[in-house]
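Chains as they are written, first to last, in the numbering used here: chain P, 1 to 136; chain B, 1001 to 1136.
Protein chains: 2
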Amino acid sequence: MLSKKTKYGIKALVYLAKQENRAPVQISVISQSENISRKFLESILLTLRKNGVLGSKKGKGGGYYLLKDPKNIPMTDVMRLLEGPIAMVPCVSLNFYEKCDDCPDENACAVHKIMLKVRDNTLEIFRNTTLADLSN
Amino acid sequence: MLSKKTKYGIKALVYLAKQENRAPVQISVISQSENISRKFLESILLTLRKNGVLGSKKGKGGGYYLLKDPKNIPMTDVMRLLEGPIAMVPCVSLNFYEKCDDCPDENACAVHKIMLKVRDNTLEIFRNTTLADLSN
DNA sequence: GCATTATCCTATTAAATCGATAGGGTAATA
DNA sequence: TATTACCCTATCGATTTAATAGGATAATGC
């Protein structure tokens, strides 16, 4: 299940991508427009800023803005930042790999086999979908 | 993230599918072989039995066994029984649909758009993968 | 300069879910 | 008729999630 954190993050990013200019947008503007808890959204945007997706400006006329062209922001980046692993099981995760306690042999594991397929497929979609694609 | 419930359930089903005959297998045998908590596995197999995937036999020589040919058990069935919705967001779920509180218009929602793609793709994989495929 | 604005940061919390455990009841078999 | 093994309910600790609170800090415009 997708967390609200990720869901809200994507919505906020799309909102920013739809802005004509790159002028900063206040948290409260996005939060009201997208029906997101202001404080919760605040922490999400902070994460995105700390990881180089967003820039911010303090004081009057401040807010958040995209640092890159939406075309250059693949969903893989967003998902990994906010949601964490894309794979459904740690043992098939590229960026968050973990061995299973129970499995003696990963290659013989049926769960591993099917979830690897799912991950490959999902990954492909997220890789080929950019923020620009979602903003149309 | 895939729950251990589903993970264990798949492993148990594969174990049963690998049996040459359809003789009942005791919970404890599967639990030991697959490194699964006996009691936890018990509740999982019970769910699978109540939903027509497994049959059971009480008393000496009893245990669980598959009711259908592994070829006729698609992973969609297993996933929906144990994990619940296949979609990452309720608003794109076929069997567990729910409207989002925040979204005024589903068709205009970016999250909806991308997650629909992911669901279609994942669903296709689960549909085309049977228990028999995982048991080889 | 100074008041205003809006981000920045830490801590807390209520609720839900997950994984596991406990303990006995019931039915079938040999 | 004793044994075996599934059946059923209840509980519990740990973790995660979503949200909230309260103030510190920095930048802007007048």
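Note that CB positions come from ideal geometry on N, CA and C, so glycine has one too.
On the criterion of 16 or more Cβ atoms from any shown chain inside 10 Å, does residue i qualify as buried, or is it exposed?
i	result
Lys1007 of chain B	buried
Leu1094 of chain B	exposed
Val1029 of chain B	exposed
Ser31 of chain P	buried
Met1001 of chain B	exposed
Lys99 of chain P	exposed
Gly1061 of chain B	exposed
Ala1017 of chain B	buried
Lys58 of chain P	exposed
Lys1011 of chain B	buried
Arg1119 of chain B	buried
Asp1069 of chain B	exposed
Ala1146 of chain B	The question about residue 1146 of chain B has no answer here: the residues shown for chain B are numbered 1001 through 1136.
Ala110 of chain P	buried
Against residue i, what residues of chain B qualify as contacts under a CB-to-CB distance less than 7 Å, listed in chain order?
i	result
Lys5 of chain P	Those within 7 Å of Lys5 of chain P in chain B number zero; the least Cβ separation is about 12 Å.
Thr129 of chain P	Ile1114
Closer than 7 Å by C-beta to residue i: which residues in its own chain qualify, once you throw out the five before and the five after it? Chain order, please.
i	result
Gly52 of chain P	Leu67
Met1115 of chain B	Ala1087, Met1088, Val1089 and Val1092
Leu1041 of chain B	Tyr1008, Ala1012, Ile1027, Ile1030 and Ser1031
Quick one: residues in its chain with C-beta nearer than 6 Å to the C-beta of residue i, no 5 flanking neighbours on either side, listed in chain order?
i	result
Leu13 of chain P	Leu131
Leu1134 of chain B	Val1014
Lys1071 of chain B	Thr1130 and Ala1132
Note down, in chain order, every chain P residue with its Cβ under 8 Å from the Cβ of residue i.
i	result
Ala1110 of chain B	Ile10, Lys11, Val14, Leu134 and Ser135
Lys1113 of chain B	Leu134
Glu1034 of chain B	Asp102
Thr1122 of chain B	Val118, Asn121 and Thr122
Ile1125 of chain B	Ile114, Lys117, Val118 and Asn121
By Cβ distance below 8 Å, which residues in the same chain neighbour residue i in space, the five residues on each side in sequence not counted?
i	result
Ser1003 of chain B	Leu1082 and Glu1083
Glu1106 of chain B	Cys1091, Lys1099, Cys1100 and His1112
Val25 of chain P	Tyr15, Leu16, Gln19, Gly63, Tyr64 and Tyr65
Met982 of chain B	Here chain B has residues from 1001 to 1136 only, and residue 982 of chain B is not among them.
Show which residues of chain B have a CB atom less than 8 Å away from the CB atom of residue i.
i	result
Leu156 of chain P	Limits of chain P in this structure are 1 at one end and 136 at the other, which puts residue 156 of chain P out of reach.
Using a cut-off of 9 Å between C-beta atoms, extract the partners of residue i located in chain P.
i	result
Val1089 of chain B	Met1, Leu2 and Lys7
How about residue i and residue j: are their beta carbons less than 7 Å apart?
i	j	result
Arg49 of chain P	Ser43 of chain P	no
Leu45 of chain P	Tyr64 of chain P	yes
Ile125 of chain P	Lys1117 of chain B	yes
Asn121 of chain P	Asn1136 of chain B	no
Completely contained beta strand (DSSP E) runs for the segment 39 to 121 of chain P, where each covers 3 or more residues: 54 to 57 and 63 to 66
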